[in-house]
Structures are given as C-alpha cells and as structure tokens.
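Residue numbers (the working numbering): 11 to 96. Just so it is clear, CB atoms sit at the ideal spot from N, CA and C, and this is done for glycine as well. Here is the structure we will look at, set down as structure tokens.
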Amino acid sequence: MRPIIEFCNSNMSLGTDIIMKKLEQNPDYDVIEYGCLGNCGQCYTSPYAMVNGEIIAADTPDELYDRIISNLGKNIDDFAWLDDVD
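If you want it as structure tokens, here you go:
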C-alpha cells in the first residue's frame with residue numbers, strides 16, 4: 011500500500027505547495043490536496059501535512075519535507091519483516 015500524504019489548500023501560503031509538488035513527482039506516494047483537513051489551529055500557524063493519518067508539522071517547508079521523508083522511511087521499516095515471509 012502506498013503512503014497517503016494529504017495537504018490542506020489553506021496551508022499552501024506557508025510553502026506546502028512546493029512540498030506537495032515535489033512529493034507528487036514520486037509515483038510511490040499518493041499525494042492529495044483538500045480544501046480543508048479540519049486542523050485549522052495547526053494550519054494557521056505552521057506548514058503541515060497528514061501522512062497516513064498522522065499530522066506532521068514543522069517551522070519551515072524544507073523541515074516539513076525532511077520530516078515527511080523521515081516518517082515515510084520509518085513506516086517502511088516497520089514492515090521490513092514482510093520481505094522475509096515466503
């Protein structure tokens with residue numbers, strides 16, 4: 011199952027539009043833009059995204075990108091044991 015990365019349209023002014031476009035280039039990710047994700051307090055204060063239902067936030071768009079990639083790597087490692095199943 012591909013990771014789902016969701017962005018709020020109202021948060022794009024904080025730089026998440028650039029991060030979303032960058033992540034959309036990877037065919038292994040499902041990147042979705044919504045009009046509202048219902049996290050208005052977070053949306054107003056800092057760049058954020060939802061990764062597989064978990065809120066990932068940061069002070070800058072670049073830091074957000076790094077945190078998203080780190081989170082995706084962590085989730086992939088959680089299922090590494092499946093590679094050994096025959």
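Taking only three categories from DSSP, how would you classify Tyr39?
coil
Is Leu74 near the ligand ATP - that is, is its Cβ less than 7 Å away from at least one heavy atom of it?
Ligands displayed in this structure: none; no statement on the ligand ATP is therefore possible.
Distance, Met11 Cα to Gly25 Cα
27 Å
Three-way DSSP call (helix, strand, coil) for Met60 in this model
strand
Verify whether the separation of the beta carbon atoms of Gln52 and Ile65 is less than 8 Å.
yes
From the DSSP output, read off the bridge partner residues of Ile14.
Asp40
Given this structure, state the Cα-to-Cα distance separating Glu43 from Pro71, to the nearest angstrom.
16 Å
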